[in-house]
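*Asks:*
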Amino acid sequence: MTNTHYRDQLDRLLEGFFEDLRQLSDAEILDKESAATVNARVAKRLDRASAAAGSMRLAAARQRMSRVTIGTKSPWLAVSEQQAREYILRVSRDSRYTLAARSLSEMSASEILLLYRQLKQLETDQTPNTES
Amino acid sequence: MAVRPDQTGRLAPHEVRAMLEQMSAADWRRVERFADFRAAGLVGVHGEDLLHHVITKLLAGLRTFPSTTSTLVVLKNAIKSEASNVRRTVNRGPIDVHAEVDTLGLDFDPGEHAGVVVEAVNPVDPLRELLAREQLDQLQQRLEGDDEAQLVAMAWGEGLRGRPAAEAIGLDTKAYDAARKRLERKIAQEVSRQ
Numbered sequence: 001m002t003n004t005h006y007r008d009q010l011d012r013l014l015e016g017f018f019e020d021l022r023q024l025s026d027a028e029i030l031d032k033e034s035a036a037t038v039n040a041r042v043a044k045r046l047d048r049a050s051a052a053a054g055s056m057r058l059a060a061a062r063q064r065m066s067r068v069t070i071g072t073k074s075p076w077l078a079v080s081e082q083q084a085r086e087y088i089l090r091v092s093r094d095s096r097y098t099l100a101a102r103s104l105s106e107m108s109a110s111e112i113l114l115l116y117r118q119l120k121q122l123e124t125d126q127t128p129n130t131e132s
Numbered sequence: 001m002a003v004r005p006d007q008t009g010r011l012a013p014h015e016v017r018a019m020l021e022q023m024s025a026a027d028w029r030r031v032e033r034f035a036d037f038r039a040a041g042l043v044g045v046h047g048e049d050l051l052h053h054v055i056t057k058l059l060a061g062l063r064t065f066p067s068t069t070s071t072l073v074v075l076k077n078a079i080k081s082e083a084s085n086v087r088r089t090v091n092r093g094p095i096d097v098h099a100e101v102d103t104l105g106l107d108f109d110p111g112e113h114a115g116v117v118v119e120a121v122n123p124v125d126p127l128r129e130l131l132a133r134e135q136l137d138q139l140q141q142r143l144e145g146d147d148e149a150q151l152v153a154m155a156w157g158e159g160l161r162g163r164p165a166a167e168a169i170g171l172d173t174k175a176y177d178a179a180r181k182r183l184e185r186k187i188a189q190e191v192s193r194q
């Protein structure tokens, strides 16, 4: 008794059928149907799939956004740029964190706020009960 | 229209659409017939459903379209893969978080989606084995009463094709061709295509 898995057997069966289809002539494969009829059906199929693909890409983008976006209910979102800078300065002296050696003065307000949020998120993840 | 794959050797979604549009009507009929054959035995799933699922994922960039592979083969491989996913989904419920995909992607069901999945690496998955056996059994049931068609299916299952298959099962070329055609007619679902 060979150690043949059913999955392999099914796969070979499918490949055999596929090769069979490839060896048929175009006339045989089209049978009584015209190429124009087939192409019209294909065009509709592609249009339907394109529309569905758009929805799928949107869903994928939303999921990616939800992973990088800080929760809107987080209390530490409501902070001024100055407060964010002061916090980052304190953190930079904390040995638990490694920050790129880039002067805070070189960073824009949006960069400061984004870094602040990332640090707060990191802090929250590490110490869930830590007060912000 | 020439397409230029990105540096990873994959086509971009708009290039995928171009390749699909360029495929001949005869090759599209091959794809349709293969999808119908593959869908046979899948509860509530028709070949057109499989095709839609596969093409949608290709156009969304959630399934790889290798630049060095013909469109026909890309679709064939995708149909085989998605049919397994669909079969596992029906068996487990609406969300299949272990679906095997070739690249990072979502499992798409209209209206809902699973999380990002990691490709399962399990050469002998008991569930897939069970499902494959069920489908083989169903295929054989459909061929009940037609010994020659059953023999052709068995020969293909052993990896034999064409003349070697015919010789192995003791049929001449004419009888083999006739049995092969009956095999497909008996198995493939009749799908009303618009």
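Each protein sequence line maps, in turn, to chains B and W.
Residues 1 to 132 in the numbering used here are what the first sequence lists, from first letter to last.
Residues 1 to 194 in the numbering used here are what the second sequence lists, from first letter to last.
Beta carbons are placed, not taken as given, at the ideal position from N, Cα and C, and that holds for glycine.
Could you name the residues that DSSP lists as bridge partners for Arg10 of chain W?
*Replies:* Looking at the DSSP assignment, Arg10 of chain W forms a beta bridge with W:Pro66.
*Asks:* Decide if the stretch 154 to 161 of chain W is in contact with the stretch 16 to 24 of chain B; the criterion is three or more beta carbon pairs, one per stretch, under 8 angstroms apart.
*Replies:* Yes, the stretch 154 to 161 of chain W touches the stretch 16 to 24 of chain B.
*Asks:* Taking the alpha carbon of Leu151 of chain W as the point to measure from, which residue in W:Glu184, W:Ala132 and W:Glu134 has its own alpha carbon closest?
*Replies:* For the residues W:Glu184, W:Ala132 and W:Glu134, the minimum Cα distance to Leu151 of chain W belongs to W:Glu184.
*Asks:* Quick check on the burial criterion: 16 or more other C-beta atoms within 10 angstroms. Buried or exposed for Gly157 of chain W?
*Replies:* It is buried - the Cβ of Gly157 of chain W has at least 16 other Cβ atoms within 10 Å.
*Asks:* Of all Cβ atoms in chain W, is any one closer than 8 angstroms to the Cβ of Asp47 of chain B?
*Replies:* It does not; no Cβ of chain W falls within 8 angstroms.
*Asks:* Give a yes or no on whether the minimum CB-CB distance between Ile169 of chain W and chain B is below 8 angstroms.
*Replies:* Judged by the 8 angstroms Cβ criterion, Ile169 of chain W is not in contact with chain B.
*Asks:* Where Ala27 of chain B and Phe37 of chain W are concerned, what is the direct C-alpha to C-alpha distance, given to the nearest angstrom?
*Replies:* In a straight line, the C-alpha of Ala27 of chain B is about 20 angstroms away from that of Phe37 of chain W.
*Asks:* I want to see whether chain B comes within less than 8 angstroms of Arg185 of chain W, judged by CB atoms only; does it?
*Replies:* False, the Cβ-Cβ gap to chain B never drops below 8 angstroms.
*Asks:* Pop quiz: Arg17 of chain W and Ser50 of chain B are said to be a contact at Cβ under 8 angstroms. What is the actual Cβ separation, rounded to whole angstroms?
*Replies:* That pair is a contact at about 7 angstroms.
*Asks:* Can you name, in chain order, every residue of its own chain whose Cβ lies under 6 angstroms from the Cβ of Leu14 of chain B, other than the five neighbours on each side?
*Replies:* Within the same chain, Leu14 of chain B has no close Cβ partners at all.
*Asks:* Going by beta-carbon coordinates alone, are Thr56 of chain W and Ala52 of chain B separated by less than 8 angstroms?
*Replies:* Their beta carbons are under 8 angstroms apart, which means Thr56 of chain W touches Ala52 of chain B by this criterion.
*Asks:* Looking only at its chain, what residues have a beta carbon closer than 6 angstroms to the beta carbon of Met23 of chain W, apart from the 5 residues adjacent to it on each side?
*Replies:* Only Thr71 meet the Cβ criterion.
*Asks:* Answer with yes or no whether the minimum CB distance from Met56 of chain B to chain W is below 8 angstroms.
*Replies:* So yes, Met56 of chain B belongs to the interface.
*Asks:* Determine the DSSP secondary structure at Asp146 of chain W, reduced to helix, strand or coil.
*Replies:* In this structure, Asp146 of chain W counts as coil in the three-state DSSP scheme.
*Asks:* Compare the beta carbon distance of Phe202 of chain W and Val54 of chain W with 8 angstroms and say whether it is the shorter of the two.
*Replies:* Residue 202 of chain W lies beyond the residue range present for chain W, which begins at 1 and ends at 194; the question has no answer from this structure.
*Asks:* Could you tell me the distance, in whole angstroms, from the CA atom of Arg48 of chain B to the CA atom of His52 of chain W?
*Replies:* Taking the straight line joining both Cα atoms gives about 8 angstroms.
*Asks:* From what residue to what residue does the alpha helix (DSSP H) around Val91 of chain B run?
*Replies:* Val91 of chain B -> alpha helix (DSSP H) spans Glu81 to Ser92.
*Asks:* Tell me, please, whether the CB atom of Leu10 of chain B is closer than 8 angstroms to any CB atom in chain W?
*Replies:* True, the Cβ-Cβ gap to chain W drops below 8 angstroms.
*Asks:* In angstroms, rounded to a whole number, what distance separates the CA positions of Leu62 of chain W and Phe18 of chain B?
*Replies:* Between Leu62 of chain W and Phe18 of chain B, the C-alpha separation is close to 24 angstroms.
*Asks:* Quick one: grab the DSSP three-state call for Ser34 of chain B.
*Replies:* Coil, per DSSP.
*Asks:* Would you say Ala35 of chain B reaches chain W, if we count a Cβ-Cβ gap shorter than 8 angstroms as a contact?
*Replies:* It does; some Cβ of chain W falls within 8 angstroms.
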